[in-house]
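For what it's worth, this note's numbering labels the leading residue of the sequence shown as 604, then goes sequentially. Beta carbons are placed, not taken as given, at the ideal position from N, Cα and C, and that holds for glycine.
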Amino acid sequence: MYAVITTGGKQYKVAPGDRIRVNKLQGEVNTDVNFSEVLMLSDGTNVTIGQPKVNGANVEAKILAHGREKKVVIMKFKKRKDYFRKRGFRAHYTKVEIGQIKSK
């Protein structure tokens, strides 16, 4: 069984037991979170595609950790003008473990 969920503007294909990194979610470590925006659901034989979401379906997950990604360095410069800017960015993420996938 697997599902396609959306969170933080991105889509993820998940199955029970998967560990994924998503954009930072509110919540403490070891608490449960529900993803109610399920776009597609498959139980091995039947596939349900939402329009745009599958009604009554949700995915339960547990928050494992919060963290920050590796630094992305942004540089811009103008040649021959003595102009140079360097800036770094580290995105926040939440690591979750997928539990049950429920549907009506």
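What are the boundary residues of the beta strand (DSSP E) that V699 is part of? 695 to 705
Given a threshold of 16 other Cβ atoms within 10 Å of its Cβ, counted over all protein chains shown, does F680 qualify as buried or as exposed? exposed
C-alpha distance - N607 paired with R671, whole-angstrom precision: In the sequence as displayed, the identity of residue 607 is Val instead of Asn. Rounded to the nearest angstrom, the two C-alpha atoms are 24 angstroms apart.
contact_flag[the segment 653 to 661, the segment 688 to 702] where n(CB pairs < 8 angstroms) is 3 or more: no
Starting from the Cα of G612, find the closest Cα among N626, S706, P655 and give me that residue. N626
May I ask you to list the residues that DSSP assigns as paired with E663? N637
Less than 6 angstroms between C-beta atoms, sequence neighbours within five positions excluded: which residues of the same chain meet that for G691? K674, V676
Whose C-beta lies closer than 7 angstroms to the C-beta of Y686 among residues of the same chain, with five residues either side of it excluded? F680
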